[in-house]
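Note that the working numbering has the sequence shown beginning at 10, numbered continuously upward. All C-beta atoms in this analysis are idealised placements derived from N, C-alpha and C, irrespective of residue type, glycine included. Structure record follows, encoded as C-alpha cells.
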Amino acid sequence: MANAMLEDMSFTSFEDDQLASMTTDDIVRASRLLDNEIRILKEELQRTNLELDSYKEKIKENQEKIKLNKQLPYLVGNIVEILEMNPEDEAEEDGANIDLDSQRKGKCVVLKTSTRQTIFLPVVGLVDPDKLKPGDLVGGFSHAPDELTYGVDMKEIRWCGILQRIALAYLVVALVEIFSTDAQGKDPESSWLSLFKLYSWHWLVGVCVLIVYLAVIYGTHVPDWKFTDQNSNSTVEITVACGVTGKLDPPCNAVGYIDRVVLGLHHMYQYPEWRRSKACTDNSPYEGPFRNDAPSWCYAPFEPEGILSSISAILSTIIGLHFGHVLIHLEGHSARMKHWSLMGFALLILGIILHFTHGGNSIPLNKQLYTFSYVCVTSGAAAFVFSAFYIMVDIWGLRYLFLPLEWIGMNAMLVYVMAAQGIFAGFINGWYYDDPSNTLIQWIQEHIFIDVWHSTRVGILLYVLFAEILFWGVVAGILHQLGIYWKL
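What follows is the structure in C-alpha cells.
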C-alpha cells in the first residue's frame, strides 16, 4: 500500500515537473491532442454501444426465429430459414470481410434439411389410406402374432400422391431459393416490378417449367393402350383407342400416357375422378354405377398426382413463395395488399381467358392435368384468400378467431396423417359393438349430425367442420401448449 502511494506521488511529481517545463503553446497543443483523443474514444464508445445493441437485436430476432420455427409447419419454417440466410451488409461499411465459409456452411445446413424433408416426406404418403381396413394395418392390433394380415403389396403400391407432389415442388423451389441468394440485392426498388426483378431466377425456373409442361402435354403422341380392370375378377384386356397428339380428354392425354409408361398401371390411382363424369355414370357429378354404354376408359386407372402434373405444380409453389417475398420486402399494409390484389386479379383474368379460348378445348381448367389455366385461377384465388386473412388477422387484429387454424398449421403433418390419411379414424373404427359397421364414428355421424339435420350432405359437411377440423384444431392447440410438434 505504501509503495503504491509512493509510486503515485512520484508519477504526479513527474507530471508537475513536465508541465512546468512546457510553454503555453505546448500546453495548448497537448490539450488539443487530449481533446481529440477523448473525442475519438467517445466515438469509439458510441459505435461499440451501437454494435452491442445491434448484436442484442440479432440475438433477439434469432431467438424469435427459433421459437417460430418450432411452431410453424416444417416446410414453412424451413423456407423462413432460407429467406433469412443473407448476411448483414453493414459489415461492409466497417471494412470487415464477409465470412464466406460461414455462408457456405449455412447453405449446406439448409440444403441438408431440405433434402432430408424431401426424402422422408413422400414416405408418409406411400400407404394408400383407402386400402387400410379395420382388419388390416390400423385395426390389426388385436390379432395374434401368427394371424397378422396387414402389409403393403409392392406390386400395387401407389408411388405418387399429394405429399410426393409437395416434396418435389418444395425441393426445386428450395434449391432455387438457396443458390440464388447471392444474386439478390438488398431490397427491391419502389417500382411494382422490382420484386420480380429481384427474384428473376425464380421466375426463369417457372418459365422453364411452363415451357416443358406445355411442350410435353401438347407435343406428345399418345398411342392406343390396353389395361385390365383391377376392380373386377375379369382378366380380359380392354383397349383404349387414341393415336392422337395434344388431346386433353381423359383417355388420351399425355399426362396419363407418361404415368403409364414410367410408373405402370398397377402403381397408379385406381379410382380416378373421371368416373363421376356424365360419360361414365348417370349420377354425375356424384359417384354411381356405370352406364351400360360407358366408354372403356371409365374403368381405367389414372394418376391425379402424376409426374407431368407435379412438374406443373412447381409453378404454383413459385407463385406462393412470391407472395411470401411480398410480406418480407414490402413495408406497410397498403403496399402489400396492392401487390397481392393486382397479381391475384391478373392471374384470375388470365386463367379464365385461357379456359374459354377455343371453347375450353385449348387450356381448360383441369385439376387432374394441373393445366396452366388451373395454376393461374387457383393462384389468383389464393392471393385474394391470403389477402382476406391478412386483413382480418394482421390489420383488424382478429387472430383469436383463427387460432384453431393456426394450431393446425403448427402441427400440419400430424393432422394430415391422423385426420386426412384416416389413421385415427381407422384406430377408432377398429373397436366396434356386434357389427364392424357399428362404430363410434359411424354413430356420431348418423345420430348427431345426419339425423338432426335430416340431410346426409349437410350432416357430413357439419361433421367435417366440427368433428374433424374443429376437433383437430383443439388437439393441435393442446399439443402447442405442451410444446409438441411433429416435424421431419
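Problem set entry | Bounding residues of the alpha helix (DSSP H) (the contiguous stretch that carries I328) | In the sequence shown, counting from the first residue as 1, residue 328 sits at position 319. Counting along the chain, the alpha helix (DSSP H) containing I328 begins and ends at I316 to H338.
Exercise. Would you call the stretch 266-283 and the stretch 164-176 touching, i.e. three or more CB-CB distances under 8 angstroms?
Worked result: Flag = yes, the stretch 266-283 and the stretch 164-176 touch.
Exercise. By Cβ distance, which residues of its chain are closer than 6 angstroms to L177, with the 5 residues on each side in sequence left out?
Worked result: Counting from 1 along the sequence shown, the entry for residue 177 is found at position 168. Answer for L177: S319, listed in chain order.
Exercise. Per the contact definition of three or more C-beta pairs closer than 8 angstroms, is the stretch 400-417 in contact with the stretch 472-491?
Worked result: With the rule of 3 Cβ pairs closer than 8 angstroms, the stretch 472-491 counts as touching the stretch 400-417.
Exercise. Tell me the DSSP bridge mates of W3?
Worked result: Lying before the first or after the last residue shown, residue 3 is absent from the chain, which here runs from 10 to 497.
Exercise. Does the Cβ of S30 have 16 or more other Cβ atoms within 10 Å, making it buried, or fewer, making it exposed?
Worked result: As a position in the sequence shown, residue 30 is number 21, starting the count at 1. Exposed, since its Cβ has fewer than 16 Cβ neighbours within 10 Å.
Problem set entry | Exposure label - V37; buried when at least 16 CB within 10 Å | Against the sequence shown, residue 37 aligns to sequence position 28. It counts as exposed.
For this session: Tell me D444's beta-bridge partners as DSSP assigns them.
Result: Counting from one through the sequence shown, the residue named residue 444 turns up at place 435. In the DSSP assignment, D444 forms a beta bridge with Y442.
Exercise. Apart from the five residues on each side of it in sequence, which residues of its chain come closer than 7 angstroms, Cβ to Cβ, to L449?
Worked result: The count along the sequence shown starts at 1 and reaches residue 449 at position 440. Around L449: I437.
For this session: Report yes or no: do the stretch 386-396 and the stretch 348-359 share at least 3 C-beta pairs separated by less than 8 angstroms?
Result: By the criterion of at least three beta-carbon pairs nearer than 8 angstroms, the stretch 386-396 is in contact with the stretch 348-359.
Exercise. Thinking C-beta only, is T254 closer than 8 angstroms to E246?
Worked result: Locating residue 246 in the sequence shown gives position 237, where the first residue counts as 1. Locating residue 254 in the sequence shown gives position 245, where the first residue counts as 1. Taking 8 angstroms as the Cβ cut-off, E246 and T254 do not qualify as a contacting pair.
For this session: Give the DSSP bridge partners of F299, in chain order.
Result: As a first step, residue 299 must be located in the sequence shown, where it is residue number 290. As a beta-bridge residue in DSSP terms, F299 pairs with T290.
Exercise. So what does DSSP say about T244, is it helix, strand or coil?
Worked result: Mapped onto the sequence shown, residue 244 falls at position 235. DSSP places T244 outside both helix and strand once states are collapsed to three, so it counts as coil.
Problem set entry | E186, enclosing alpha helix (DSSP H) - first and last residue | Residue 186 sits at position 177 when you count from the first residue of the sequence shown. Per DSSP, E186 belongs to the alpha helix (DSSP H) from I171 to F188.
Problem set entry | Counted within 10 angstroms of its Cβ, other Cβ atoms place D110 as buried (16 or more) or exposed | Indexing the sequence shown from 1 puts residue 110 at position 101. Bear in mind that the predicted position of D110 carries a pLDDT of just 49, short of 50, making it unreliable; the figure below should be weighed with that in mind. Exposed, since its Cβ has fewer than 16 Cβ neighbours within 10 Å.
For this session: Return helix, strand or coil for S151, following the three-state DSSP convention.
Result: Taking the first residue of the sequence shown as position 1, residue 151 is located at position 142. Here the model assigns S151 a pLDDT of 37, short of 50, so the residue's position is not dependable, and the following value carries that caveat. It is helical.
Problem set entry | Which residues DSSP lists as bridging T254, in chain order | Position 245 of the sequence shown, counted from the start, is the residue given in the question as residue 254. For T254, which the question treats as bridged, DSSP gives the partners H230.
Problem set entry | Endpoints, alpha helix (DSSP H) assigned at L414 | For the purposes of this step, residue 414 is taken as residue 405 along the sequence shown, with counting starting at 1. L412 to M419 is the span of the alpha helix (DSSP H), which, as asked, contains L414.
Exercise. Should the stretch 358-372 be called in touch with the stretch 304-316, which here means at least 3 C-beta pairs below 8 angstroms?
Worked result: No, the stretch 358-372 does not touch the stretch 304-316.
Problem set entry | 7 angstroms Cβ shell around V221 - same chain, five flanking residues per side excluded | Counting from 1 along the sequence shown, the entry for residue 221 is found at position 212. Closer than 7 angstroms at the Cβ level, and outside the excluded window around V221, lie I320.
Problem set entry | Distance, G406 Cα to V264 Cα | Taking the sequence shown and counting its residues from 1, one reaches residue 264 at position 255. Taking the sequence shown and counting its residues from 1, one reaches residue 406 at position 397. Roughly 45 angstroms separates the two Cα atoms.
Exercise. Skipping 5 residues on each side, what residues in its chain have a beta carbon closer than 6 angstroms to that of G215?
Worked result: Counted from its first residue, the sequence shown places residue 215 at position 206. Closer than 6 angstroms at Cβ, skipping near neighbours: L324 and I327.
Exercise. DSSP on E52, reduced to helix/strand/coil?
Worked result: The residue you call residue 52 lines up with position 43 of the sequence shown. Assigned with DSSP and collapsed to three states, E52 falls in helix.
Exercise. Do L339 and H348 have their CB atoms nearer than 8 angstroms?
Worked result: To locate residue 339, count along the sequence shown from 1; it is residue 330. To locate residue 348, count along the sequence shown from 1; it is residue 339. In this structure, H348 lies closer than 8 angstroms to L339 by Cβ.
Problem set entry | G252 and D268 closer than 8 angstroms at C-beta | As a first step, residue 252 must be located in the sequence shown, where it is residue number 243. As a first step, residue 268 must be located in the sequence shown, where it is residue number 259. Cβ distance not < 8 angstroms, so G252 and D268 don't count as in contact.
Exercise. Exposed or buried, which one is L257 when buried takes at least 16 other CB atoms within 10 Å?
Worked result: Position 248 of the sequence shown, counted from the start, is the residue given in the question as residue 257. By the Cβ neighbour-count rule, L257 is buried, with 16 or more other Cβ atoms within 10 Å of its own.
Exercise. In three-state terms, what does DSSP make of K67?
Worked result: The sequence position of residue 67 within the sequence shown is 58, counting from 1. When secondary structure is reduced to three states using DSSP, K67 falls in the helix class.
Exercise. Are the Cβ atoms of A288 and P304 separated by less than 8 angstroms?
Worked result: On the sequence shown, residue 288 is found 279 positions in, with the first residue counted as 1. On the sequence shown, residue 304 is found 295 positions in, with the first residue counted as 1. Contact: yes.
Exercise. Smallest Cα separation from A434: which of A397, A476, I457 and M422?
Worked result: As a working note, residue 434 is residue 425 in the sequence shown. Of A397, A476, I457 and M422, the residue nearest in Cα terms is A476.
For this session: Would you kindly report the start and end of the unbroken alpha helix (DSSP H) that includes V271?
Result: Along the sequence shown, read from residue 1 onward, the residue named residue 271 stands at position 262. Taken as a continuous stretch (DSSP letters only), the alpha helix (DSSP H) holding V271 covers A263 to V271.
Exercise. Hey, Q454 and G468 are a contact pair by Cβ (cut 8 angstroms); roughly how many whole angstroms apart?
Worked result: Against the sequence shown, residue 454 aligns to sequence position 445. Against the sequence shown, residue 468 aligns to sequence position 459. 7 angstroms between Cβ atoms; contact.
Exercise. Quick one: Cα of W212 to Cα of Q377, how far?
Worked result: Translated into positions along the sequence shown, residue 212 becomes position 203. Translated into positions along the sequence shown, residue 377 becomes position 368. Cα-Cα distance, rounded: 24 angstroms.
Exercise. Applying the criterion that 16 or more other CB atoms from any shown protein chain within 10 Å of the CB defines a buried residue, is V231 buried or exposed?
Worked result: For the purposes of this step, residue 231 is taken as the residue at position 222 of the sequence shown. Result: buried.
Problem set entry | Three-state secondary structure (DSSP) of K376 | The count along the sequence shown starts at 1 and reaches residue 376 at position 367. It is coil, neither helix nor strand.
Exercise. Between W495 and the rest of its own chain, which residues show a CB-CB distance below 7 angstroms, the 5 nearest in sequence each way excluded?
Worked result: Taking the sequence shown and counting its residues from 1, one reaches residue 495 at position 486. Excluding residues up to 5 positions away in sequence, N420, M422 and L423 lie with their Cβ nearer than 7 angstroms to the Cβ of W495 in the same chain.
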